[in-house]
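See structure below.
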Amino acid sequence: MSPELRRYLELERAMLALDEVRDPRADTLRDAMDPLWFDLSDEEQGWLNSRQEVPLHRPRCITLVVGREFYVEPMTAEFRAAPGGPIKGWYSAA
Amino acid sequence: MTTVVLGTNKLENCEWLIAVGEQPLLQIELDPVVVSLVLPEQASLPLVVQRNEVARGDVRIVQSEHDVGIFTTEGYLLIFNATQLEPDHVVVHIDLRPFGLAIFTDGEGLHVGKSIIAHNTIQGARTAIALG
Chain A
27 MSPELRRYLE LERAMLALDE VRDPRADTLR DAMDPLWFDL SDEEQGWLNS
77 RQEVPLHRPR CITLVVGREF YVEPMTAEFR AAPGGPIKGW YSAA
Chain B
191 MTTVVLGTNK LENCEWLIAV GEQPLLQIEL DPVVVSLVLP EQASLPLVVQ
241 RNEVARGDVR IVQSEHDVGI FTTEGYLLIF NATQLEPDHV VVHIDLRPFG
291 LAIFTDGEGL HVGKSIIAHN TIQGARTAIA LG
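Top line first, the protein sequences correspond to chains A and B.
So the first sequence is residues 27 to 120, counted in the working numbering.
So the second sequence is residues 191 to 322, counted in the working numbering.
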């Protein structure tokens, strides 16, 4: 992501957040976004125009509440991907 | 432009891919692939990777022009891989179970605890997936 696109998205999120609560300062931010638009590449402008309707103003798009099941005992060496020593006595290893 | 495929989810131009609480967990930049992976303190084992450098944790990073892999030093378990397939497109596999976090990707999606996050497209978010 280019720095220009990053700045544009930051302003857009802030603008939409203000817009949602009908804060008139959203228009100030919208005006500030205009010159940034012209700093974007054709590809970036195309991507912005092609976006579906998503809640961009929310800084987090998917929030999942995790409980104790998120913190588990570490997977131990019994699951190791490579053998600890040389393979011996096999007719065929694979 | 950055598109990250994370367990059947497509994350476009998102600054942080995963966060736990207020702490970012995973960030990826492209050209070349640069990874930051920071586990929360509640994890059983510590792991801090900042821009492809190990700051804390028993892991080894293997990287090439279009690929970054992170392995445990004990047992060589692959806990993270990012492969850049196109200039703006990277496919990510993650499995943090060796460090005590129930989070991993497979063909179904991104498994988090007992939940699966699958087939979503997230665009332009600061944090695409927030856990807390």
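Where a beta carbon is used, it is the ideal one built from N, C-alpha and C, also for glycine.
Computed from a predicted model, the values in this text were never measured in an experiment.
So which residues on chain A does residue i lean against when the C-beta distance must stay under 7 Å?
{"i": "residue 304/B", "result": "95"}
{"i": "residue 288/B", "result": "100 and 101"}
{"i": "residue 310/B", "result": "88"}
{"i": "residue 259/B", "result": "The contacting residues do not exist; residue 259/B stays about 12 Å from chain A at best."}
Kindly indicate the opening and closing residues of the alpha helix (DSSP H) around residue i.
{"i": "residue 31/A", "result": "29-46"}
{"i": "residue 62/A", "result": "51-65"}
State the CB to CB distance for the pair residue i and residue j, rounded to an integer number of angstroms; the pair is presumed to be in contact (CB under 8 Å).
{"i": "residue 322/B", "j": "residue 92/A", "result": "7 Å"}
{"i": "residue 258/B", "j": "residue 225/B", "result": "5 Å"}
{"i": "residue 236/B", "j": "residue 262/B", "result": "Actually they do not touch by this definition, with Cβ atoms about 13 Å apart."}
{"i": "residue 240/B", "j": "residue 256/B", "result": "Incorrect: roughly 20 Å between the Cβ atoms, too far for contact."}
Quick check on the DSSP output: the beta strand (DSSP E) that includes residue i runs from which residue to which?
{"i": "residue 69/A", "result": "Where residue 69/A is concerned, there is no enclosing beta strand (DSSP E), although the alpha helix (DSSP H) it sits in stretches over 68-76."}
{"i": "residue 219/B", "result": "213-219"}
{"i": "residue 274/B", "result": "268-276"}
{"i": "residue 308/B", "result": "Where residue 308/B is concerned, there is no enclosing beta strand (DSSP E), given that its DSSP letter is neither H nor E."}
{"i": "residue 318/B", "result": "317-321"}
{"i": "residue 203/B", "result": "Element bounds for residue 203/B: n/a, residue is neither H nor E."}
{"i": "residue 227/B", "result": "224-228"}
{"i": "residue 254/B", "result": "249-254"}
{"i": "residue 94/A", "result": "Counting along the chain, residue 94/A falls outside any beta strand (DSSP E), and DSSP gives it neither H nor E."}
{"i": "residue 113/A", "result": "From DSSP, residue 113/A is part of no beta strand (DSSP E); its letter is neither H nor E."}
{"i": "residue 280/B", "result": "279-284"}
Residue i touches chain A at which residues, Cβ-Cβ below 9 Å?
{"i": "residue 307/B", "result": "88 and 90"}
{"i": "residue 242/B", "result": "The contacting residues do not exist; residue 242/B stays about 18 Å from chain A at best."}
{"i": "residue 319/B", "result": "86, 87, 88, 89 and 90"}
{"i": "residue 235/B", "result": "100"}
At 7 Å on the CB atoms, spell out the chain B contacts of residue i, in chain order.
{"i": "residue 27/A", "result": "191, 192 and 203"}
{"i": "residue 31/A", "result": "203"}
{"i": "residue 35/A", "result": "203 and 314"}
{"i": "residue 73/A", "result": "191"}
What residues from chain A crowd round residue i, counting only those whose CB sits closer than 8 Å?
{"i": "residue 232/B", "result": "97"}
{"i": "residue 291/B", "result": "96, 97 and 98"}
{"i": "residue 297/B", "result": "Residues of chain A passing the Cβ test: none, with the nearest at roughly 19 Å."}
I want to verify the contact list: residues of chain C whose CB lies under 8 Å from the CB of residue i, in sequence order.
{"i": "residue 77/A", "result": "Within the model displayed, chain C is absent; protein chains A and B are what it includes."}
Please compile the residues from chain B whose C-beta is within a distance smaller than 9 Å of the C-beta of residue i.
{"i": "residue 39/A", "result": "314, 315 and 316"}
{"i": "residue 44/A", "result": "By Cβ distance, chain B contributes nothing, its closest Cβ being about 16 Å from residue 44/A, past 9 Å."}
Would the C-beta of residue i count as close to the ligand MN, meaning under 7 Å from any of its heavy atoms?
{"i": "residue 312/B", "result": "As far as ligands go, the structure on display features none, and thus does not contain the ligand MN."}
Do the stretch 304-318 of chain B and the stretch 198-206 of chain B meet, that is, are 3 or more Cβ pairs less than 8 Å apart? yes
Counting Cβ pairs, one atom from each stretch, are 3 or more of them under 8 Å apart for the stretch 292-307 of chain B and the stretch 244-254 of chain B? In this structure the stretch 292-307 of chain B does not touch the stretch 244-254 of chain B; the number of beta carbon pairs closer than 8 Å is below three.
Evaluate the contact criterion for the stretch 193-200 of chain B versus the stretch 269-285 of chain B: three or more CB pairs, one atom per stretch, below 8 Å. yes
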